[in-house]
Structures are given as C-alpha cells and as structure tokens.
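J.:
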Amino acid sequence: MTFLTRRYSFSASHRLHSTELSSEENARVFGKCNNPFGHGHNYSLEVTVGGEVDPGTGLVAAPAALDLSVRRAVLSKVDHRDLNADVPEFASLVPTTENLAIQISRWLRDDWMRRPVVTGAPLEPAAARLVRIRLEETGSNSVELQFHELENKD
Amino acid sequence: MISITRKAEFSASHFCASPFLTEEQNQALYGKGANPNGHGHNYVVEVTVEGEVDPVTGMVMDLKELKGVLERLVVEPFDHRFLNREVPPFDRITPTPENIAREIWRRLAPELNQGRRRLARVRLYETPDLYVEHSE
Numbered sequence: 001m002t003f004l005t006r007r008y009s010f011s012a013s014h015r016l017h018s019t020e021l022s023s024e025e026n027a028r029v030f031g032k033c034n035n036p037f038g039h040g041h042n043y044s045l046e047v048t049v050g051g052e053v054d055p056g057t058g059l060v061a062a063p064a065a066l067d068l069s070v071r072r073a074v075l076s077k078v079d080h081r082d083l084n085a086d087v088p089e090f091a092s093l094v095p096t097t098e099n100l101a102i103q104i105s106r107w108l109r110d111d112w113m114r115r116p117v118v119t120g121a122p123l124e125p126a127a128a129r130l131v132r133i134r135l136e137e138t139g140s141n142s143v144e145l146q147f148h149e150l151e152n153k154d
Numbered sequence: 155m156i157s158i159t160r161k162a163e164f165s166a167s168h169f170c171a172s173p174f175l176t177e178e179q180n181q182a183l184y185g186k187g188a189n190p191n192g193h194g195h196n197y198v199v200e201v202t203v204e205g206e207v208d209p210v211t212g213m214v215m216d217l218k219e220l221k222g223v224l225e226r227l228v229v230e231p232f233d234h235r236f237l238n239r240e241v242p243p244f245d246r247i248t249p250t251p252e253n254i255a256r257e258i259w260r261r262l263a264p265e266l267n268q269g270r271r272r273l274a275r276v277r278l279y280e281t282p283d284l285y286v287e288h289s290e
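Going line by line, the protein sequences match chains B and X. Position one of the first sequence corresponds to residue 1 (my numbering), numbered consecutively onward. Position one of the second sequence corresponds to residue 155 (my numbering), numbered consecutively onward.
#1: Among all the DSSP beta bridges, which residues are the ones paired with B/A12?
#2: Taking only three categories from DSSP, how would you classify X/G187?
#3: Let me see if you follow: with CB-CB separation under 9 Å, is B/G139 close to chain X or not?
#4: At least one CB of chain B closer than 9 Å to the CB of X/E200: is that the case?
#5: Rounded to whole angstroms, what is the Cα-Cα separation between X/E178 and X/G187?
#6: Which runs of the alpha helix (DSSP H) fall wholly inside the segment 216 to 247 of chain X and span at least 4 residues, in chain order?
#7: According to DSSP, which residues form a beta bridge with X/G269?
#8: Report the residues of the segment 237 to 253 of chain X with a CB closer than 9 Å to any CB of chain B, ordered along the chain.
#9: Report the three-state DSSP secondary structure of B/A64 (helix, strand or coil).
#10: Can the beta-carbon of X/D233 be found less than 9 Å from the beta-carbon of X/A166?
#11: Check distances from the C-beta atoms of the segment 182 to 195 of chain X to those of chain B and list, in chain order, the residues that come in under 7 Å.
#12: Starting from X/A255, find everything on chain A with Cβ-Cβ shorter than 7 Å and list it in chain order.
#13: Out of curiosity, what's the CA-to-CA distance linking B/V143 and B/K153?
#14: Could you compute how far the alpha carbon of B/V87 sits from the alpha carbon of B/L59?
#15: Take B/G38 and list the residues in its own chain whose beta-carbon comes closer than 8 Å to its own, dropping the five residues that flank it on each side.
#16: For B/E137, tell me which candidate among B/V53, B/H41, B/K32 has the shortest Cα-Cα distance.
#17: Going along the chain, which residues of its own chain have a beta-carbon closer than 6 Å to the beta-carbon of X/L266, five neighbours each way excluded?
#18: Comparing the C-beta of B/P122 with each C-beta of chain X, is any distance below 9 Å?
#19: Provide the residue(s) that pair with X/A162 in DSSP beta bridges, ordered along the chain.
#20: Check each candidate in X/V210, X/L237, X/G269, X/F174 and name the one with the smallest Cα separation from X/N196.
#21: For B/R7, which residues in chain X fall below 8 Å Cβ to Cβ?
#22: In its own chain, which residues sit with a C-beta less than 7 Å from the C-beta of B/S44, not counting the 5 before and 5 after it?
#23: With a CB to CB cut of under 7 Å and the five nearest residues on each side skipped, what residues in its chain are close to B/R132?
#24: Quick check: is the beta carbon of X/L262 nearer than 9 Å to any beta carbon in chain B?
#25: Does any C-beta atom of chain X lie closer than 9 Å to the C-beta of B/E89?
#26: Buried or exposed, going by whether 16 or more other CB atoms sit within 10 Å of the CB of X/D216?
#27: Below 8 Å CB to CB, which residues in the same chain sit around B/K32 once its five sequence neighbours on both sides are set aside?
#28: Quick check on B/T189: does DSSP put it in helix, strand or coil?
#29: Going by DSSP, what residues sit across from X/G194 in a beta bridge?
Right under this line is the structure:
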C-alpha cells in the first residue's frame, strides 16, 4: 500500500463559543479563543490518499486532481473567511480544530467521488481512496482524523 | 514492538512522463513535472524499522548501521544524479515519488529485514508539501 500526502494552507478567523454554555463557562472553557470579536489562524491541512501505484503512470493519484478537489471542496469555503459567520455548518457548531477537521473530511468525502478527471489523461488512477487528514491550527496544535472513522460520526 | 526512524537526504533531478501516454496527456497529468529536460528536488527519506529492543544493547537496530545502509543503498546511488538517465530502473519506470519510494523499499528490505527486525515504512518527501509513504 502506498500513501500520498499533500499539504495545503488557508487563513480563517473564528470564535469558540458554545450556545450550550453560560458566558462564564464559555470564558473558562475556551479562554482567549472566546473573545467576542474572534481571531485568526494560518491553518495547514495535510490530505493523505492511498492505494496501489498505477503501473502505467506510477501514481497513486494525480496531484492535480487532488488539488482541484481540495480547492473546490475545502479551500473555496474557508480561505479568508470567518468560520462562524461565513460557513453555514458552523452557524451553531463551535469551530474548534476538531469540528473543523470533521467537517473538512465530510466535504472531501462527498467531493472525492465527483473529483475532476485531469483533462486528456485517461490513465489517471481512479482507485485511490481518502485515508486521513491532519489539520494544524498553529505549529503547536494539530488534529488527525482517519476517514474510516467518519462513519461512526454520521 | 518499537520502531526507530532515520532520515537521510539526497538531491536529484527527474521528470515524469509515462511511455503509455501522449506528450499532451503527460502534460495534463504531470504538469510542469513532465518537462523532458528535468528539474530537481531536495528529497528527504525517512526509513522506519520495527522490532524488539535487544535486552543487551537496548537497541532495535544500531542507528549507525542504519545510517550506513541508507548511505550505501540510497544516498550514494541517488545523490546528485538525473534519475531518469542515471539510476535504473528509472530509465524504464517513471520516477514519480510513489515509484521512488517503492524502489527505496526494494533496495532496503533485504538488508533491514533480519532476525526479528523489519522494514516498516519508507516516507519520501519530494517537497515539504508533498510526501509518499510506502509499506508492504
């Protein structure tokens, strides 16, 4: 089995605040991240796909196809956005790194089967499957999620 | 069971084009990487060996020995080479990072699989933003 990982980055703002908690509890649980005006991060997203290496092309997946899918399914929705205000999924869900990773995985899973085939490259391997993502909020914080675990969350 | 990982680096040039595809299709699939004059990368390879800790030495494998094996079987033949022209089998097989990682596995496994230790993973960074992991 061979895995291919590519790293992407996006910048977004958010505020961690749960409607289930009182103001004091929110301040205690989320600390500075509960600041009512929000704050931002440069996120780093690693996406791993896996499969057998196609003997014709030497590829598990065409990086260009992965790029198009990640751009369409993820980056177009979150880059230079406020997660709470601009992304409907976070209207009432706290945009922690954990929840953001779960949402990104769902977007990718739903897009992957419809991912664009690179024009004029009929031998692009089609069998690659999404394996995991790793989302870094800062250089010191990251969350990892395996796609096979998504089923238990839906 | 415990695993140890050692890193090595080599700089090499390559290009990606499949003999099964037309020039146009190669361009579409590999993009700028299909330029037949080649281009280069500083590759980073991380090799993971797993096994039991020897009660006498406290080691899964002597890291000096692992360093030597990587130097001899990977860095020496790959470093400062044009992979497609100078390093078989890449005269016949497209040197995608997937295929380079598999070739490194093929070269290392016979030496590293000894006693109770096993080659567990080869991770190859082509750039800091793209890496491939291979295991069998």
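Heads up, the beta-carbon is just placed ideally off N, CA and C, and yes, glycines get one too.
T.: Reading it off the structure:
#1: According to DSSP, B/A12 bridges with B/H41, B/R81.
#2: Helix.
#3: In terms of beta-carbon proximity, B/G139 stays away from the interface with chain X, with every pair separated by 9 Å or more.
#4: By this cut-off, X/E200 is not an interface position.
#5: Computed Cα separation, rounded: 13 Å.
#6: Counting only runs of 4 or more, we get 217 to 224, 237 to 240.
#7: Bridge partners of X/G269: none, in fact.
#8: Correct list: I247, T248, P249, T250, P251, E252, N253.
#9: Correct three-state label for B/A64: helix.
#10: In this structure, the beta-carbon distance from X/D233 to X/A166 falls below 9 Å.
#11: A182, L183, G185: these are the residues of the segment 182 to 195 of chain X whose beta carbon lies less than 7 Å from some beta carbon of chain B, given in chain order.
#12: Structure shown: chain A not included; protein chains present are B and X.
#13: Here the alpha carbon of B/V143 sits roughly 16 Å from the alpha carbon of B/K153.
#14: Rounded to whole angstroms, the gap between the alpha carbons of B/V87 and B/L59 is 34 Å.
#15: Excluding sequence neighbours, B/G38 sits near S13, H14, R15, D82, N84.
#16: Per the Cα distances, B/H41.
#17: By the criterion of a C-beta distance shorter than 6 Å, X/L266 is surrounded in its chain by V203, L273, once the five residues flanking it on both sides are discounted.
#18: The predicted position of B/P122 is uncertain, since its pLDDT is 49 and thus under 50; no value can be drawn from it.
#19: Looking at the DSSP output, X/A162 sits in a beta bridge with X/V199.
#20: Ranked by Cα distance from X/N196, the first of X/V210, X/L237, X/G269, X/F174 is X/L237.
#21: Around B/R7, the beta-carbon contacts reaching into chain X at under 8 Å are P282, D283, L284.
#22: Counting only residues of its own chain and dropping the five nearest sequence neighbours on each side, B/S44 has a CB closer than 7 Å to the CB of R7, S9, E136.
#23: Cβ neighbours of B/R132 beyond the five flanking positions: T48, E144, L145, Q146, F147.
#24: Chain B, which has no Cβ nearer than 9 Å to the Cβ of X/L262, makes this no.
#25: Using a Cβ-Cβ cut-off of 9 Å, B/E89 does not count as an interface residue toward chain X, since no Cβ of chain X sits closer than that to its own.
#26: It counts as exposed.
#27: Hits under 8 Å: H39.
#28: This structure leaves residue 189 of chain B out entirely; chain B is present only between 1 and 154.
#29: Bridge partners of X/G194: X/S167.
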